[in-house]
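Worksheet: one structure, shown below.
Chains as they are written, first to last, in the working numbering: chain A, 1 to 311; chain B, 1001 to 1311.
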């Protein structure tokens, strides 16, 4: 085939014109432009046995169709075993730079001497994002995140996407650029929303191109919503979901001794919170709501293979 | 200590008489020479929330009177909080050089580049002692163990003694010498039995002096005993306890989802095993057996303060 024709077809399949991104993500994935596309995405796999069990149950038995894994966490090997035995599952990496719980901790996968700006005096990651931002050297962030991705691949996981635990990997323009660069390096879509276009940063602007996929909406239940009831929040969300692509970030675990111990001083995103997420997304009502509202589930693997990796 | 009881501690369960010490440990602690002294010692604190909860319960509500902590494990901070709030508890360090469970892992507290001989390709400690022995460089063992002790002190724990998870820190004469030297360096008694006098090693002989405390007996239930019933084993053990000092190593946890997940492929030293230990040592029958058999409980803190640290 003539070179010019190849170039033409490459553009055609990606749905781009010289004027920019005229086609929506839905159209680029082969759906009508006004489709309500949804990724129901479980965060924090690997953090605990409770989280792993609940997330695996939901991935197998419910509309939850995607999840991401925290490579530095103690229960990572359990998810590796699951991922390698179930390669069809849509599993990405929840890039991790914080260790936020009071009594249960982890640190970098990189040798500590090489990423000393990422750890506190106790040898673990800093608990919260502001501590991380205050100390982290950009080159050490890049090294640690690259090593997390390399470890996941070395373990045999078919990584479908990258996202950022507690947003740490996307907390400054410099870290966002690293996060986007790693996506390009490994041919993986990264979780971003349309605010990325407004960031006044040369490095970020240079990374935005036809392979970039930007969510139209990212939703995650907040403490004020949780207080009013998870079912109410999610029901309303699904009933009012807008056309475009939405990533809904949820956290699944059992309200058991382990998860209660982890979130001992932290009801927000705690054991009961995660059990409530699990209860809703494994309910018949959730399935019914998706159907009634013409919501189409889509995975990161589809995005990766139909957009990110198409040249 | 669990899984493969190796080389050094494997000998211990038969018991050895004392040679070369003029006064018995009982006498040095102020008891008649023929007293039946017992340390009821819970291993593996820090390994899991289930282990921490069960061990704390037993330390507070039962004759279990001593325990040791695994510094590299994810739940170490939970035990730090307990130890610093309860400084009277008899808590030592279960020096850790292996990560033996299938789906739940940890590695060194030292920067990995400095102790690369202690870790496998996956970045964790080797699972079993023979792997550890085959790879470990003695200077890296010393560095890691010293860093575990320093981390415990920096965390605020009043360390009462040292012992060796799975016997790894006492698996070769060279590692035993390191283990004993660290005891001297920090003024801490280390778990040894009288076979130490028979080891034909100049370094070890030079470390044996009047501050060395050697257990007359070390006991720990084995799989064949567990099969016949934990209660039967411990009842018989307490009824036939001999005069002298005995250290009884037990493992306490609940037979819950977390512990079942950790010991998923390993009924030996598994969740039901640890629950059976907990059930026996928190029973009225245990208290009664100690009383009926004139058994006197003694702590590592008494040994540390009355023998090890007396010049």
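Glycine included, every Cβ here is placed at the ideal spot set by N, Cα and C.
Residue i (DSSP reduced to helix, strand or coil)
| i | result |
| --- | --- |
| residue 1212 of chain B | coil |
| residue 112 of chain A | helix |
| residue 249 of chain A | strand |
| residue 1299 of chain B | coil |
| residue 1128 of chain B | coil |
| residue 217 of chain A | strand |
| residue 39 of chain A | strand |
| residue 1107 of chain B | coil |
| residue 183 of chain A | helix |
| residue 261 of chain A | helix |
| residue 1229 of chain B | coil |
| residue 1167 of chain B | helix |
| residue 1277 of chain B | helix |
| residue 135 of chain A | helix |
| residue 82 of chain A | helix |
| residue 1174 of chain B | helix |
| residue 1223 of chain B | helix |
| residue 283 of chain A | coil |
| residue 1254 of chain B | coil |
| residue 197 of chain A | helix |
| residue 1088 of chain B | coil |
| residue 1021 of chain B | Any reading at residue 1021 of chain B needs caution, since the residue's pLDDT is 47, under 50, leaving its predicted position unreliable; the model's value is listed next. Three-state result, residue 1021 of chain B: coil. |
| residue 1202 of chain B | helix |
| residue 314 of chain A | As displayed, chain A neither begins before 1 nor continues past 311, which places residue 314 of chain A out of reach and without an answer. |
| residue 1235 of chain B | helix |
Closer than 9 Å to chain B by CB, residue i
| i | result |
| --- | --- |
| residue 262 of chain A | yes |
| residue 66 of chain A | no |
| residue 55 of chain A | no |
| residue 114 of chain A | yes |
| residue 58 of chain A | no |
Beta bridge counterpart(s) of residue i as assigned by DSSP
| i | result |
| --- | --- |
| residue 1190 of chain B | B/1162 |
| residue 69 of chain A | A/45 and A/93 |
| residue 119 of chain A | A/125 |
| residue 1156 of chain B | The partner list for residue 1156 of chain B (beta bridge, DSSP) is empty, contrary to what the question assumes. |
| residue 1244 of chain B | B/1036 |
Chain B residues whose Cβ lies nearer than 9 Å to that of residue i
| i | result |
| --- | --- |
| residue 273 of chain A | Those do not exist, as residue 273 of chain A stays about 18 Å from chain B at its closest Cβ, beyond 9 Å. |
| residue 81 of chain A | 1102 and 1103 |
Any chain A beta carbon closer than 9 Å to residue i
| i | result |
| --- | --- |
| residue 1111 of chain B | yes |
| residue 1206 of chain B | no |
| residue 1061 of chain B | no |
| residue 1102 of chain B | yes |
| residue 1146 of chain B | no |
| residue 1155 of chain B | yes |
| residue 1052 of chain B | yes |
| residue 1214 of chain B | no |
Chain-ordered neighbours of residue i on chain A, where CB pairs are closer than 9 Å
| i | result |
| --- | --- |
| residue 1105 of chain B | 74, 75, 76 and 77 |
Neighbour list for residue i in chain A, Cβ cutoff strictly below 8 Å
| i | result |
| --- | --- |
| residue 1123 of chain B | 109 and 151 |
| residue 1256 of chain B | 256, 257 and 258 |
Local Cβ density within 10 Å of residue i, reported as buried at 16 or more and exposed below that
| i | result |
| --- | --- |
| residue 29 of chain A | buried |
| residue 1206 of chain B | exposed |
| residue 116 of chain A | exposed |
| residue 108 of chain A | buried |
| residue 1239 of chain B | exposed |
| residue 1233 of chain B | buried |
| residue 1267 of chain B | exposed |
| residue 144 of chain A | buried |
| residue 1159 of chain B | buried |
| residue 1126 of chain B | buried |
| residue 1261 of chain B | buried |
Neighbouring residues, chain A, relative to residue i (Cβ below 7 Å)
| i | result |
| --- | --- |
| residue 1049 of chain B | 257, 258 and 261 |
Residue i CB to nearest heavy atom of the ligand NAP below 8 Å
| i | result |
| --- | --- |
| residue 1092 of chain B | No copy of the ligand NAP appears in this structure; indeed no ligand is present at all. |
Chain D contact for residue i (CB, 9 Å cutoff)
| i | result |
| --- | --- |
| residue 1100 of chain B | Here chain D cannot be found, since the structure's protein chains are A and B. |
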